[in-house]
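Following: one structure in structure tokens, then a few remarks.
Number of protein chains: 2
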Amino acid sequence: MSRILVVGSVALDNVETPFGKADNVLGGSAVYFSVAAGYFASPSVVAAVGADFPDEHIKLLQKHKVDTAGLVSIPEGKTFRWSGAYGFDLNTAETRKTELNVLGDFRPVIPSEYAEIEYLFLANIDPDLQLDVLRQTKRPRIVACDTMNYWIETKKDSLTEVLGAVDLVFMNEAEAREYTGEYNLVRAARKILSLGPRYVAVKRGEYGALLFGEGSIFSAPAYPLEDVFDPTGAGDTFAGGFMGYLAHAGSFEAGTLRKAVAFGSVMASFTVEDFSLRRLTRLTHPEIQERMQSYRKMLELEPNHV
Amino acid sequence: MSRILVVGSVALDNVETPFGKADNVLGGSAVYFSVAAGYFASPSVVAAVGADFPDEHIKLLQKHKVDTAGLVSIPEGKTFRWSGAYGFDLNTAETRKTELNVLGDFRPVIPSEYAEIEYLFLANIDPDLQLDVLRQTKRPRIVACDTMNYWIETKKDSLTEVLGAVDLVFMNEAEAREYTGEYNLVRAARKILSLGPRYVAVKRGEYGALLFGEGSIFSAPAYPLEDVFDPTGAGDTFAGGFMGYLAHAGSFEAGTLRKAVAFGSVMASFTVEDFSLRRLTRLTHPEIQERMQSYRKMLELEPNHV
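Taken in order, these protein sequences are the chains called E and U.
Take this note's numbering: the final residue in the first sequence is number 316, and no numbers are missing along the way.
Take this note's numbering: the final residue in the second sequence is number 316, and no numbers are missing along the way.
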């Protein structure tokens with residue numbers, strides 16, 4: 011199985027939505043990403059946790075084929091904690107509290123045995139650290155990155171350097187607009203592409219994603235669900251399914267990219283069905299295939315001909 | 011050519027967007043609808059204007075194959091006027107002023123020669139008038155309707171009766187949510203379908219539309235444009251392209267419906283490229299086909315296989 015390396019956060023979350031609340035639950039970009047990617051490839055995580063991080067979470071990751079050898083536990087530290095809430099409009103989280111804890115001093119060290127992994131996802135961390143990770147690897151075959159408004163506002167130059175060094179960029183639409191200063195998404199995407207990456211996946215919450223490449227656009231709707239419980243982690247799950255499928259397919263052709271977006275969307279649709287990793291960790295391959303089948307049908311312009 | 015009847019508004023609009031402004035320009039649901047539908051079928055309009063309505067607008071409609079015999083001019087009246095503005099988020103208009111004028115007393119009279127037209131679009135007018143129009147026709151083969159928040163709030167029972175009497179409902183997502191009391195769109199669409207219509211097209215502005223049928227969903231993205239100038243009329247243009255294609259195809263099969271949504275989306279993408287009807291009235295069939303081609307590509311999950 012192809013290997014994927016993800017560098018990002020492992021968190022303990024408190025989440026409240028109109029449909030319930032969950033306290034002290036497993037979260038973090040590297041967690042959602044790796045569990046989703048694990049359905050397609052072999053993910054390894056580089057991240058830090060504190061002494062308070064429950065062993066059961068590590069066991070859960072390992073059970074889902076996530077290699078946790080790069081998960082550093084800081085004995086005197088506490089795990090990164092995020093508290094957030096959503097209203098009925100589940101597209102935007104209201105952050106109530108962020109406790110960086112061990113994430114504040116996190117300086118990822120890539121174990122030498124990971125340096126040759128061909129697929130790398132730089133989840134949303136300080137762009138200077140993302141660059142540092144790149145320097146510690148032997149230029150993986152495919153590098154993707156994510157970011158957030160905070161880095162756009164505080165470390166734009168470093169972020170620009172990251173964007174110029176990766177193959178694939180994940181951003182949500184507000185970030186793409188803020189980073190480029192272009193409200194229009196087509197223009198925003200073109201500006202980002204002009205910096206170097208071959209593709210930009212613009213995430214739009216419940217509206218899905220647009221994949222922009224040189225002269226091409228693929229529209230990937232979100233899978234419509236009757237019950238959306240908690241959108242936390244949907245974006246990282248999307249990236250995990252996306253990169254996992256890419257690694258599995260072993261190609262970077264246009265058709266592969268489109269299927270990767272579709273699998274990313276399908277995986278994200280499971281994450282939002284329950285709090286934390288609950289749905290994602292009790293998922294079966296037949297369920298993924300079945301939903302992919304109905305996702306595919308939703309896109310067919312000529313259903314009788316396919 | 012198949013005939014389509016539209017009952018709705020003809021307006022003179024003042025529109026301001028971040029990209030410019032246009033005063034006293036042609037607008038109204040029946041206008042956008044019929045000009046768009048005219049590229050596929052033969053539209054007839056039933057609407058009212060005042061003595062101030064410029065003759066050049068009527069000539070423009072006629073030049074675009076719109077039958078204006080049902081366009082009643084009230085000598086002592088003034089044309090319906092709408093003034094609105096958009097910010098960079100072009101999804102929502104801020105209405106600055108509405109002068110109903112002749113629309114306030116409008117009671118559509120369907121000329122007997124229109125009573126057998128097979129395709130009918132009840133644009134956004136008082137649902138009691140929509141019901142009245144239905145009583146004046148010999149139950150067309152396909153009836154579609156649109157509505158707005160005002161009628162949901164003031165005439166919900168009549169609107170429910172309309173929804174139960176039509177084949178196809180056009181609503182934007184906020185309206186679908188407000189009417190059903192369901193924030194979740196899948197649930198909202200199911201509730202509307204349970205009242206009788208075979209399909210609900212939920213419009214989502216720049217995010218496109220979702221077509222819900224019994225057990226099926228088709229996701230139709232908006233065509234991504236580098237320059238969106240003025241979204242006024244996009245929804246009615248969408249309905250016009252949609253119904254025009256349906257009438258042209260002469261079928262109500264699932265595949266036809268999907269292509270109709272796609273043509274509706276393509277037509278709407280032209281409308282927003284300029285103020286008022288400017289882009290829509292200088293459109294050519296090759297331009298429509300070309301954009302449909304690239305729209306189709308944007309939906310292809312397996313571009314190498316199609």
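Each residue gets a CB set at the ideal place from its N, CA and C atoms; glycine is no exception.
Here the structure is a predicted model, which is why all the values come from computation and not from measurement.
- The beta carbon of residue 211 of chain U is closer than 6 Å to those of 180, 219, 221 in its chain, skipping five residues each way along the sequence.
- Ranked by Cα distance from residue 176 of chain E, the options E/131, E/301, E/282, E/245 are led by E/131.
- Only exposed fits residue 295 of chain E, as fewer than 16 other CB atoms lie within 10 angstroms of its CB.
- Taking a 10 Å sphere around the C-beta of residue 148 of chain U, we find fewer than 16 other C-beta atoms and assign the residue as exposed.
- In the DSSP annotation of this structure, residue 53 of chain U is not part of any alpha helix (DSSP H); the continuous beta strand (DSSP E) holding it starts and ends at 52 to 60.
- At least 8 Å separates the beta-carbon of residue 305 of chain U from that of residue 264 of chain U.
- For residue 172 of chain U, the uninterrupted alpha helix (DSSP H) segment begins and ends at 166 to 175.
- Along the stretch 190 to 202 of chain E, the positions whose C-beta sits under 9 Å from a C-beta of chain U are 193, 194, 195, 196, 197, 199, 200, read in chain order.
- Within the same chain, 247, 250, 251, 254, 277, 290 come within 7 Å of residue 46 of chain U by CB-CB distance, once the 5 residues on both sides are set aside.
- Of the residues assessed, residue 89 of chain E falls on the buried side of the cut-off, its CB having 16 or more other CB atoms within 10 angstroms.
- Its chain contains 67, 286, 287 as the residues whose beta carbon lies nearer than 6 Å to that of residue 36 of chain U, once the 5 sequence neighbours on both sides are disregarded; these appear in chain order.
- For residue 68 of chain U, there is no enclosing beta strand (DSSP E); the residue is found in the alpha helix (DSSP H) stretching over 65 to 73.
- For residue 205 of chain E, the closest of E/95, E/190, E/160 by C-alpha to C-alpha distance is E/190.
- Only 264, 265, 268, 269, 272 from the stretch 262 to 274 of chain E bring a Cβ to less than 7 Å from some Cβ of chain U.
- The count of Cβ pairs closer than 8 Å, one atom from the stretch 222 to 239 of chain U and one from the stretch 161 to 176 of chain U, stays below three, leaving the stretches out of contact.
- Contact check for residue 136 of chain U against residue 166 of chain U fails: the beta carbons are separated by 8 Å or more.
- Short of 8 Å from the beta carbon of residue 70 of chain E, and not among the five residues preceding or following it, lie these beta carbons of its own chain, in chain order: 36, 287, 291.
- For residue 181 of chain U, DSSP records a beta bridge to U/212.
- Annotation for residue 93 of chain U: 24, 106, 107 place their beta carbon closer than 6 Å to its own, counting only its chain and skipping 5 residues before and after.
- Given a length threshold of 3 residues, each whole run of the beta strand (DSSP E) inside the stretch 186 to 270 of chain U is given here in chain order: 209 to 213, 219 to 223, 226 to 230.
- Straight across, the Cα-Cα distance linking residue 309 of chain U with residue 300 of chain E is about 20 Å.
- Under a 10 Å Cβ-count criterion, residue 195 of chain U is classified as buried, with 16 or more other Cβ atoms of the shown protein chains found around its own Cβ.
- What residue 312 of chain U touches in chain E, judged by beta-carbon distance under 8 Å, is 265, 268, 269, going in chain order.
- With respect to residue 38 of chain U, residue 18 of chain U sits close: the two C-beta atoms are nearer than 8 Å.
- Closest in C-alpha terms to residue 240 of chain U, from the list U/22, U/26, U/14, U/15, comes U/26.
- In the three-state DSSP reduction, residue 133 of chain E falls in the coil class, being neither helix nor strand.
- Look at residue 181 of chain U: its C-beta is not under 8 Å from any C-beta on chain E.
- Excluding sequence positions up to five before and after residue 284 of chain U, its CB lies within less than 6 Å of the CB of 239, all in the same chain and listed in chain order.
- A Cβ of chain U is located within less than 8 Å of the beta carbon of residue 220 of chain E.
- Against chain U, a Cβ distance below 8 Å from residue 279 of chain E picks out nothing, because the smallest value is about 12 Å.
- Across the stretch 223 to 251 of chain U, CB contacts with chain E closer than 8 Å involve 226, 227, 228, 229, 231, 234, 235, 236, 237, 238, in sequence order along the chain.
- Taking C-alpha positions only, residue 281 of chain U is separated from residue 307 of chain U by approximately 21 Å.
- Take residue 28 of chain E, set aside five residues on each side of it, and the residues of its chain with a beta-carbon closer than 8 Å to its own are 96, 97, 98, in chain order.
- The criterion of a C-beta distance shorter than 8 Å is not satisfied by residue 160 of chain U and residue 256 of chain U.
- Residue 53 of chain E counts as buried, since at least 16 other C-beta atoms from the protein chains shown sit within 10 angstroms of its C-beta.
- Shown here, residue 90 of chain E sits in a strand according to DSSP, grouped into three states.
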